[in-house]
Amino acid sequence: MKTEKDIAKIKESFESQSFKAPVFDFEKLNNSPLDEAVKNSFESQKFSAPAFDFGKLNNSPLDEAVKNSFESQTFVAPAFDFSQINTSKIDKVVKDSFEQVVVSAPVDGWEKVHDGLTIGDVWENISSNIVVKSNSWRRAVSVAAAVLIVSFVPQLTLDSNLYEMGITNKADEALLVSNETIQDNGSVESSNLLADNSLINPIDIIDNSVIQNPVLPAFVDDNNEIDRVALTQRHELSKVQKIDLFSTVQSIPTIELQKPSQKRSFGFNLGLIAGANRTWLRDVETRNALEKNTISSSKFSLGGFFGVQGEINWSERWSSQVSFANGNSRNRLGVYSNGFYQEKESEINYLKVGLSTSYSQPISVQNRNGFLKSKLGVSYSNIMSSYTSTGDVLTSLNDLYANHNVGVFVQLGPEFRVGNFIFETGLNFEQGLLNIYNGNGQISSDLNYTSNREFGVFTSIRYILK
Amino acid sequence: MISKCLNDERSAQEQLYKLYADKMFSVCMHYAADREEAADFLQNGFLTVFSKLHLFGFNGSFEGWVRRIMVNSALSILRKKKRFNEALENIEYMQELPEHEVDMELIPSAEVIAKVNDLPSKSAMVLKLFAIEGYTHQEISEIMGITVGTSKSQLNRARTLLKIAFNKK
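Protein chains in written order, with my numbering: chain A, 1 to 466; chain B, 1001 to 1169.
Quick look at the structure:
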């Protein structure tokens, strides 16, 4: 037992000992002579790869089976549908059907072509250097006419009110008229008219300048396609000229030169007319003053009218008008009474119907929307009210003048068409044909022959109804 | 008359217009949506005729030359209106043809015209140019700005749809 104890103790003693292993020198591992020898031995050996038998590649049983399977298949092509190709029958039916139908050309077809040819001639006649005259005078006349219209409407209305009262207060009247005038001058109507003058339609111009190739007309104006068209040098030159022309015209303020002419035929238009006139009521005193037979003097007096006007165009040149207007004529005379200078003023207010016929002459070959219009007509006036005053004293009211008057008038001036609107202005002259003096109990009507005379300007804006 | 027209004599031009106006208006109607549009084609066409009269070579039918100008005039305007560029309508293109076809020659002309005009615009245009005017696919392709292949396929499509339309009756 003691021996076993001793052995155990010895074992424990040995096992309690610990020894540290020396560090392995890994660098020596590959450099040992044995390793080197082994390495060299293996590397000195050479093995050749067996030759690959390519013949066996396509001849594998599987490949063969696939190949044979596909080759044994036969496909039958579907029958060609010859009904699809034998279509001349359809084409013939379509052609015959379309050609059997003959439709009459429009009645006014030639007129349109004629107008187009006229425009074409105009293009030919236009030189490459265009000098466009200023048309600022037209704007000035437009503005002046618009001002006249808006100025006279309130004035006439105010006058009527005063006459009903039987009292004229010149200072108040002048103030009120002035206020009204200022307010109405701000109307946008005049600016609209001017804006209309600047309308331009470049598409029309481009359309007119497209050079048509007889076979391929559509592509000459198409930049993407132009290389496909065999243009002659002549075509190219004319195209360039017209494009230059367009760019020149685009910067000028008028459009009449480029707009296609619109031949006027039968139609109606309706609108407003107004005017301002230097007026006379030519009685014995006034005639003597005008002929310098007395020391009395004829003073400037202004009258005006406004109303509606309708027009019927019978043809491009001839038309008739009818107008209904409210207006007045005044006469002022400087007279000496008992050594004192006084002004004698007379006025008649009337409703007038005018009938006239006019002839329109185109202003130029190029511009078929502008005309010089001369008009001759007759008028009937129903004198609604009248008065005569000397100084500030009313001496007569609604009893000195007759109720009816007849006159003749002539008008001359330009007329322009802008879109559906007609703008006309010009000079107006009217002469009364009847003695409108009624007599005052002291002087009979035969001894004081009195007629009205008016000379001034008028303007009219009308809308084309047809 | 042509030589007088070349001298810009209005009376001769008017005579020439009146001689061909109805025929050419009928041609214009083939391509127009309504009379108004056809009148535009006619006016544009005659203006081209008179302005390009010096290019007529006197070696073919004058009427044919005028007709060709009318058609080109119409196509020119339609091209500007972009009518060629309309999307192709989705209609049953691949329908099978019926087994028993009707004899198209027995169909009234008005019906044929109506059916043709009901076709998709591009197909109808190709059909008209090919069948009525005798244009080649090359010419049609140049005029309409499409490929020759498209022209052929549109023609085939037009014919097929037309057959279907008539056999549906």
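Just so it is clear, CB atoms sit at the ideal spot from N, CA and C, and this is done for glycine as well. A quick note: this is a predicted structure, and the numbers were derived from the prediction, not measured.
Could you say which of the options lies nearest to residue i if we only look at CA atoms?
i: residue 280 of chain A; options: A/114, A/438, A/451; result: A/451
i: residue 1138 of chain B; options: B/1148, B/1129, B/1132; result: B/1148
i: residue 114 of chain A; options: B/1078, B/1005, B/1004, B/1014; result: B/1014
i: residue 388 of chain A; options: A/380, A/381, A/398; result: A/398
i: residue 417 of chain A; options: A/340, A/464, A/107; result: A/464
i: residue 1158 of chain B; options: B/1143, B/1050, B/1112; result: B/1112
i: residue 286 of chain A; options: A/265, A/307, A/344; result: A/344
i: residue 1117 of chain B; options: A/94, A/402, A/118; result: A/94
i: residue 412 of chain A; options: A/424, A/401, A/139, A/403; result: A/424
i: residue 269 of chain A; options: A/311, A/306, A/118; result: A/311
i: residue 437 of chain A; options: A/140, A/402, A/385, A/428; result: A/402
For residue i and chain B, any beta-carbon pair shorter than 8 Å?
i: residue 146 of chain A; result: no
i: residue 95 of chain A; result: yes
i: residue 265 of chain A; result: no
i: residue 80 of chain A; result: Note that residue 80 of chain A scores a pLDDT of 43, beneath 50, so its modelled location is shaky; the value from the coordinates is reported in the next line. False, the Cβ-Cβ gap to chain B never drops below 8 Å.
i: residue 103 of chain A; result: yes
i: residue 362 of chain A; result: no
i: residue 100 of chain A; result: yes
i: residue 109 of chain A; result: yes
i: residue 348 of chain A; result: no
i: residue 90 of chain A; result: yes
Could you compute how far the alpha carbon of residue i sits from the alpha carbon of residue j?
i: residue 1141 of chain B; j: residue 309 of chain A; result: 57 Å
i: residue 316 of chain A; j: residue 1047 of chain B; result: 23 Å
i: residue 1020 of chain B; j: residue 1010 of chain B; result: 15 Å
i: residue 302 of chain A; j: residue 357 of chain A; result: 26 Å
i: residue 371 of chain A; j: residue 415 of chain A; result: 5 Å
i: residue 350 of chain A; j: residue 323 of chain A; result: 13 Å
i: residue 1127 of chain B; j: residue 90 of chain A; result: 10 Å
i: residue 1001 of chain B; j: residue 1008 of chain B; result: 11 Å
i: residue 348 of chain A; j: residue 319 of chain A; result: 31 Å
i: residue 325 of chain A; j: residue 278 of chain A; result: 17 Å
i: residue 331 of chain A; j: residue 338 of chain A; result: 21 Å
i: residue 1005 of chain B; j: residue 1067 of chain B; result: 17 Å
i: residue 373 of chain A; j: residue 380 of chain A; result: 22 Å
i: residue 346 of chain A; j: residue 109 of chain A; result: 59 Å
i: residue 383 of chain A; j: residue 313 of chain A; result: 30 Å
i: residue 99 of chain A; j: residue 1052 of chain B; result: 26 Å
i: residue 1064 of chain B; j: residue 420 of chain A; result: 40 Å
i: residue 431 of chain A; j: residue 142 of chain A; result: 26 Å
i: residue 300 of chain A; j: residue 329 of chain A; result: 12 Å
i: residue 459 of chain A; j: residue 283 of chain A; result: 29 Å
i: residue 1030 of chain B; j: residue 1054 of chain B; result: 27 Å
i: residue 335 of chain A; j: residue 445 of chain A; result: 21 Å
i: residue 96 of chain A; j: residue 102 of chain A; result: 12 Å
i: residue 1115 of chain B; j: residue 1108 of chain B; result: 11 Å
i: residue 454 of chain A; j: residue 434 of chain A; result: 14 Å
List, in order along the chain, the chain B residues whose C-beta lies closer than 8 Å to that of residue i?
i: residue 112 of chain A; result: 1039, 1043
i: residue 106 of chain A; result: 1025, 1035, 1039, 1042
i: residue 464 of chain A; result: Under the 8 Å cutoff, chain B gives no residues; its nearest Cβ is about 20 Å from residue 464 of chain A.
i: residue 383 of chain A; result: Per Cβ cutoff of 8 Å: no residues; residue 383 of chain A is ~53 Å from chain B at best.
With a threshold of 8 Å between beta-carbons, can residue i be considered close to chain A, or not?
i: residue 1109 of chain B; result: yes
i: residue 1011 of chain B; result: no
i: residue 1001 of chain B; result: no
i: residue 1165 of chain B; result: no
i: residue 1047 of chain B; result: yes
i: residue 1030 of chain B; result: yes
i: residue 1006 of chain B; result: no
i: residue 959 of chain B; result: No statement about residue 959 of chain B is possible, as the shown extent of chain B runs from 1001 to 1169 and does not include it.
i: residue 1022 of chain B; result: yes
i: residue 1157 of chain B; result: no
Below 7 Å on C-beta distance, what does residue i contact in chain A?
i: residue 1063 of chain B; result: By Cβ distance, chain A contributes nothing, its closest Cβ being about 13 Å from residue 1063 of chain B, past 7 Å.
Can you name the residues of chain B whose CB is closer than 9 Å to the CB of residue i?
i: residue 351 of chain A; result: Residues of chain B passing the Cβ test: none, with the nearest at roughly 45 Å.
Closer than 8 Å by beta-carbon distance: list the chain A residues that pair up with residue i, in chain order.
i: residue 1126 of chain B; result: Those do not exist, as residue 1126 of chain B stays about 11 Å from chain A at its closest Cβ, beyond 8 Å.
i: residue 1018 of chain B; result: 110
i: residue 1132 of chain B; result: 94, 95, 98, 99
Strictly below 7 Å CB to CB, what residues from chain D border residue i?
i: residue 1058 of chain B; result: Included in the structure are the protein chains A and B, with no chain D among them.
Listing by chain order, which chain B residues have their CB less than 7 Å from the CB of residue i?
i: residue 116 of chain A; result: 1043, 1047
i: residue 283 of chain A; result: Result: empty, since nearest Cβ-Cβ is about 58 Å, beyond 7 Å.
Starting from residue i, find everything on chain A with Cβ-Cβ shorter than 9 Å and list it in chain order.
i: residue 1171 of chain B; result: Residue 1171 of chain B is absent from the model: chain B starts at 1001 and stops at 1169.
i: residue 1116 of chain B; result: 94, 97, 98
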